[in-house]
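See below for the structure under consideration.
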Amino acid sequence: MKRRAVLIAMTMAAAMAAICGCQDKSNAKTPEQRAADLKQSLAVDVSKLKSSNNQPLIIMDDSPLNPPPRPADPAALPEDDAGHWYDMEYAGWRCTKEDLPKSPADGAKGKTVWCLRHMDHPYTTAYVNGMQKVADAYGINLKVLTADKADVNVQSRQVDQAINARPDMLIILPVDAVAVVPMLRKLKQAGVPVIASNLIPVDEAMKYVLTWSGPDDWGQFRMLAREFAKRMNYEGGYCIVRHMAGGSCFNSRTWSVVTELKKIAPKMKCLDMQTTQLKAEQTTPVVAGWIAKYGPELKGIVSADDSGAQIGINDACAKAGREDIIRVAAGNSKVGMDFIKAGKLHAITYQNAEADGALPMKLAADWFNGKTDLKPVYYLPKHVITAKDVDKYLPAQW
Amino acid sequence: MTPDGAGSFLWRSLLLAHRWRVWILCAAIFGVMGAVAPHFAEPGNFANIVKGAGTALPAAIGFTLVLLAGQLDLSVGSAMTMGGMLVMGLAPRLGWAGALAVAAAAGCAQGLANGLLVSKAKINSFIVTLGTMLIVYNAMAIYSHGGTIPAPKGDFTLSDWLQGPVVGPVFAPRPGQSGWAGAWLTLWLTPRNFVAIALLAAAWVVLRLTPVGRGFYLLGGNRQTAWYSGLSVDGYIIGAFVISAGVSAFGGAMVAMSEAAGSLEVGDRSLMTIVAAVIIGGTSMEGGKGSVVGSAVALVALTALTNGLDCLGAGYEVNLMSSGLVLALVILYDAIWLHVRRRKLGQRKDLLAELTRSIS
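If you're matching them up, the sequences are chains A and B in order. Its first residue numbered 13, the first sequence is counted upward by one per residue in this note's numbering. Its first residue numbered 979, the second sequence is counted upward by one per residue in this note's numbering.
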């Protein structure tokens, strides 16, 4: 029996060694090739690319990053004080980068970029579509891995795989704003250049990435809160259906609203908040419970999602005969925009999913082309969609 | 060789293949992925597979032990989560060693509660551990305010040590090199992996070579016989649950310390992989049969499968489907094997021939 075990172990080892002998890692370019590739890459113009709803694909908010002064100890402030969330809201704005990898300055053509996205969702599908359009324009090879359903273990494993495979660039959508810090640190130590995207990590993580791009969730939701307050006549109780725990949206889509309303509408009161994992079937009973518990005191609901969660909210409101409840949400899915048109949802944030995916790929291409003065943070433009202008954003991307 | 001899040889070969089936499955996955998946057959990637399998290994050992004793422990995942959260949450006050001890003790307490409810209150272990799983997971969600607990003061010293080489940097490959010997010493034999392997070795020794360990097999095989043999049935059941939750919490704490973050998802998402690995590894759902080594090899095989599919760029749906497919195939194979074996044992051709001769 022992001999058989030894034999099997030896066979496995020999097979592995044989397989490994087939690896070819040669990837050297001559200076002439590098120069030619750079010239070709610099000539690529992606500004004319369009997303599937005919909006420009490459868009960004050019406003300068001027953060307010940081409180001495944000954690000591109460949660409904905007200062408590300072390090999340302004994550990366003032960070000093660690010794990050240098641009090869030899163009984007033929480069390999890995995208580690947090989950499979219609939004991330549209996100990857946008990213792929830019990758195709530059001749970049894009490989996308998904961390199951936002599983931090899987993302950690995929980061380890990326370190082993050494892509030319990694674009990561952090599953967990905090747990991503050691992952980004490892990538930095391994010399893999990283752009973080879509979900914003904590400030500590920003020093390990070349830049971050995505929607300004805090800013968007402050805009949405102002629209919400206007429709609520600046008074009344409201509840919040939160995003999934762990991700940056869990806090940004909750506390931006609470802190903004505290400032502009002190008569408005947050009655309750809960995560329903963005699922309709989990949202309906929660909202039905709120309606039963708070009765007429509940006048508005803010949702971190205008699709699954909003279906549950609208279902509960309809069953309780409470169509009077003012509803706003993060958008802008087909479901959400259809609700806007039907008058069952009053406002949603504008979030161009394809542009969200296109922007980090454009920034990656710029870096391959030798651009070194990347801003620490690139936001997508902010806007709140209402019944007045919803048609402009149709057909929906997801 | 006579036809009978050939048949006998074939049967013996099949028996041998059946005995080593999980190893063969593992070798097949490595072979196929190594041939088709880019970057799969590289030292660094093998280290990733070992590390990935090691993440859930302590909980898989615990789950195997409980299953051997004829019970089920669905709360191993939540014990992992609890271990990870407590060690990160308590480290600033108690230090790493103190926090690790408390985390493991909390796991043992969870196991004790499970064991008492199953053995003394006679409640089905599925129900008990399902309840414990939900209670502990949500208690941890409250403890962490639904978020992740980072390493104290962003200190990565322990994390770096746990994922560094056991034997020191002298064997580390130089930059640009990726020698297999260097990889073995620097990438694979990290303190984190070393602890998981040591746990596995200890569990194997206890289960195979000691009377106490054989008692778990006896209990799972036939509870009444175990009782007639003078085995403390309740004691064994409680012990199995305590060890299961204890090593799971310890494993979760090790993961959190090496990843420098305690996350709610560490155990929550690992349960299905653990269950699949233990079943694929040959542990019987009815108890009394199986081994921790089989579970460990199956865990490596499943990790290699998902790793290889990632190397191929397959989507996570393909990943999940493939793991499910392997599990389904193994269960189907076991069912067919049992059927064939029973038929084979029932045939007794020599007796039939003798009977035929005597009649004629």
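Idealized CB from N, CA, C, for every residue including glycine. Note that this is a predicted model, so its numbers are computed, not measured.
Whole-angstrom distance between serine 986(B) and methionine 979(B), CA atom to CA atom: By 1-based counting over the second sequence, the position of residue 979(B) is 1. By 1-based counting over the second sequence, the position of residue 986(B) is 8. Residue placement at methionine 979(B) is poorly supported in this model, since its pLDDT is 42, which falls under 50; the coordinates still yield a value, given next. Their Cα atoms are separated by approximately 10 angstroms.
Could you name the residues that DSSP lists as bridge partners for threonine 437(A)? Coverage of chain A is limited to positions 13 through 410, which leaves residue 437(A) absent and any answer about it impossible.
Could you pull the DSSP bridge partners for proline 1128(B) from this structure? As a position in the second sequence, residue 1128(B) is number 150, starting the count at 1. Proline 1128(B) pairs with Ala1239(B).
Just to make sure I have the definition right: I need the residues of chain A whose C-beta is within less than 9 angstroms of the C-beta of tyrosine 1294(B). Which are they? In the second sequence, counting from the first residue as 1, residue 1294(B) sits at position 316. Within chain A, the residues near tyrosine 1294(B) are Met131, Asp132, Leu157, Thr158, Ala159, Asp160, Lys161, Asp163 and Val166.
Going by DSSP in three states, methionine 244(A) sits in which element: helix, strand or coil? Position 232 of the first sequence, counting from 1, holds the residue named residue 244(A). In the structure shown, methionine 244(A) sits in coil (DSSP, three-state: anything other than H, G, I, E or B).
Alpha carbon to alpha carbon, how far is serine 64(A) from isoleucine 1221(B)? Here residue 64(A) refers to the residue found at position 52 of the first sequence. Here residue 1221(B) refers to the residue found at position 243 of the second sequence. Distance between the alpha carbons of serine 64(A) and isoleucine 1221(B) is about 56 angstroms.
Once the 5 residues before and after alanine 1231(B) are set aside, which same chain residues still bring their CB inside 8 angstroms of it? Looking up residue 1231(B) in the second sequence gives position 253. Cβ within range, chain order: Gly1061, Gly1062, Leu1064, Val1065, Ala1077, Leu1078, Ala1081 and Ala1082.
With distance defined between alpha-carbon atoms, name the residue in Asp74(A), Leu196(A), Phe233(A) and Met256(A) nearest to histidine 395(A). As a first step, residue 395(A) must be located in the first sequence, where it is residue number 383. If we check each option's Cα against that of histidine 395(A), Phe233(A) comes out closest.
Mind checking alanine 377(A): buried by the 16 CB within 10 Å criterion, or exposed? On the first sequence, position 365 is the one that residue 377(A) refers to. Alanine 377(A) should be labelled buried.
For methionine 143(A), three-class secondary structure by DSSP: Your numbering for residue 143(A) matches position 131 in the first sequence. Three-state result, methionine 143(A): helix.
Can you pull the chain A residues whose beta carbon is under 8 angstroms from the beta carbon of leucine 1112(B), in chain order? Sequence index remark: in the second sequence, residue 1112(B) carries index 134 (1-based). Near leucine 1112(B) there are no residues of chain A at all, since even the closest Cβ is about 15 angstroms away, more than 8 angstroms.
Could you tell me whether the Cβ atoms of alanine 1340(B) and leucine 1249(B) are closer together than 7 angstroms? Residue coverage of chain B in this structure runs from 979 to 1338, which leaves residue 1340(B) outside it and unanswerable.
Local Cβ density within 10 Å of leucine 988(B), reported as buried at 16 or more and exposed below that: Position 10 of the second sequence, counting from 1, holds the residue named residue 988(B). The residue in question, leucine 988(B), is exposed, as its Cβ has fewer than 16 Cβ neighbours within 10 Å.
Cα separation between alanine 208(A) and serine 1210(B)? For the purposes of this step, residue 208(A) is taken as the residue at position 196 of the first sequence. For the purposes of this step, residue 1210(B) is taken as the residue at position 232 of the second sequence. Roughly 56 angstroms between the two C-alpha positions.
Using a Cβ-Cβ cutoff of 7 angstroms, what residues of the segment 293-313 of chain A are near chain B? List them in chain order. none
Is the number of C-beta pairs between the segment 289-306 of chain A and the segment 269-281 of chain A that are closer than 8 angstroms three or more? no
For a contact meaning CB atoms closer than 7 angstroms, what does asparagine 176(A) contact in chain B? Residue 176(A) sits at position 164 when you count from the first residue of the first sequence. Correct list: His1017, Glu1020, Gly1022, Asn1023 and Asn1026.
Shorter than 7 angstroms from the beta carbon of arginine 1152(B) to some beta carbon of chain A? In the second sequence, counting from the first residue as 1, residue 1152(B) sits at position 174. Annotation note: pLDDT 48 at arginine 1152(B) (below 50); position unreliable, coordinate value reported separately. Not an interface residue.
Give every residue of the same chain whose Cβ lies closer than 6 angstroms to the Cβ of aspartate 49(A), excluding the five residues on either side of it in the sequence, and list them in chain order. On the first sequence, position 37 is the one that residue 49(A) refers to. Cβ neighbours of aspartate 49(A) beyond the five flanking positions: Asp118, Gly119 and Lys121.
So if DSSP puts tryptophan 126(A) in a beta bridge, which residue, or which two residues, is it bridged to? Here residue 126(A) refers to the residue found at position 114 of the first sequence. Paired residue(s): Lys155(A) and Leu182(A).
Please state whether the Cβ-Cβ distance between aspartate 92(A) and valine 270(A) is less than 7 angstroms. Walking along the first sequence from the start, residue 92(A) turns up at place 80. Walking along the first sequence from the start, residue 270(A) turns up at place 258. Yes, these two residues count as a Cβ contact at 7 angstroms.
For a contact meaning CB atoms closer than 8 angstroms, what does cysteine 1289(B) contact in chain A? Counting from 1 along the second sequence, the entry for residue 1289(B) is found at position 311. What cysteine 1289(B) touches in chain A: Gln173 and Ala177.
Mark glutamate 272(A) as exposed unless 16 or more other C-beta atoms lie within 10 angstroms of its C-beta, in which case mark it buried. Counting from one through the first sequence, the residue named residue 272(A) turns up at place 260. Per the 10 Å Cβ criterion, buried.
Look at lysine 219(A) and glutamate 101(A) and say whether their C-beta atoms are less than 7 angstroms apart. Against the first sequence, residue 219(A) aligns to sequence position 207. Against the first sequence, residue 101(A) aligns to sequence position 89. Contact: no.
Note down, one range per segment and in chain order, each alpha helix (DSSP H) of at least 4 residues found wholly within the segment 1227-1293 of chain B. 1243-1246, 1249-1258 and 1270-1289
Tell me where the alpha helix (DSSP H) around lysine 374(A) begins and ends. To locate residue 374(A), count along the first sequence from 1; it is residue 362. Per DSSP, lysine 374(A) belongs to the alpha helix (DSSP H) from 365-380.
Would you check if there are 3 or more beta carbon pairs closer than 8 angstroms linking the segment 199-215 of chain A to the segment 341-352 of chain A? no
Nearest by alpha-carbon distance to proline 134(A): which of Pro81(A), Gln363(A), Ile313(A) and Gln170(A) is it? Your numbering for residue 134(A) matches position 122 in the first sequence. Closest option to proline 134(A), Cα to Cα, is Gln363(A).
Pick out whichever of Pro186(A), Val164(A) and Val299(A) has its Cα sitting closest to the Cα of leucine 1240(B). Here residue 1240(B) corresponds to residue number 262 of the second sequence, with the count starting at 1. Contrary to the premise, residue 1240(B) reads as glycine rather than leucine in this sequence. Ranking the options by Cα distance to glycine 1240(B), first place goes to Val164(A).
Given that a residue counts as buried once 16 or more other Cβ atoms are within 10 Å of its Cβ, and exposed if not, what is proline 407(A)? Residue 407(A) sits at position 395 when you count from the first residue of the first sequence. With fewer than 16 other Cβ atoms within 10 Å, it is exposed.
Report all residues from its chain with a CB closer than 7 angstroms to the CB of arginine 1319(B); omit the five preceding and five following residues, and keep chain order. For the purposes of this step, residue 1319(B) is taken as the residue at position 341 of the second sequence. The answer is none, since no qualifying residue turns up.
What residues of chain A sit near lysine 1267(B), judged by a beta carbon separation below 9 angstroms? The sequence position of residue 1267(B) within the second sequence is 289, counting from 1. Those within 9 angstroms of lysine 1267(B) in chain A number zero; the least Cβ separation is about 18 angstroms.
Using 7 angstroms as the limit for Cβ to Cβ distance, is arginine 169(A) near chain B? Mapped onto the first sequence, residue 169(A) falls at position 157. Answer yes: the Cβ-Cβ gap between arginine 169(A) and chain B drops below 7 angstroms somewhere.
Measuring CB to CB, does valine 1244(B) end up less than 7 angstroms from threonine 1059(B)? Along the second sequence, one-based indexing puts residue 1244(B) at 266. Along the second sequence, one-based indexing puts residue 1059(B) at 81. Taking 7 angstroms as the Cβ cut-off, valine 1244(B) and threonine 1059(B) qualify as a contacting pair.
For valine 58(A), report the span of its alpha helix (DSSP H) as first-last. Your numbering for residue 58(A) matches position 46 in the first sequence. From DSSP, valine 58(A) is part of no alpha helix (DSSP H); its letter is neither H nor E.
Please state if the CB of threonine 1261(B) and the CB of alanine 1034(B) are separated by a distance shorter than 7 angstroms. Counting from one through the second sequence, the residue named residue 1034(B) turns up at place 56. Counting from one through the second sequence, the residue named residue 1261(B) turns up at place 283. In this structure, threonine 1261(B) does not lie closer than 7 angstroms to alanine 1034(B) by Cβ.
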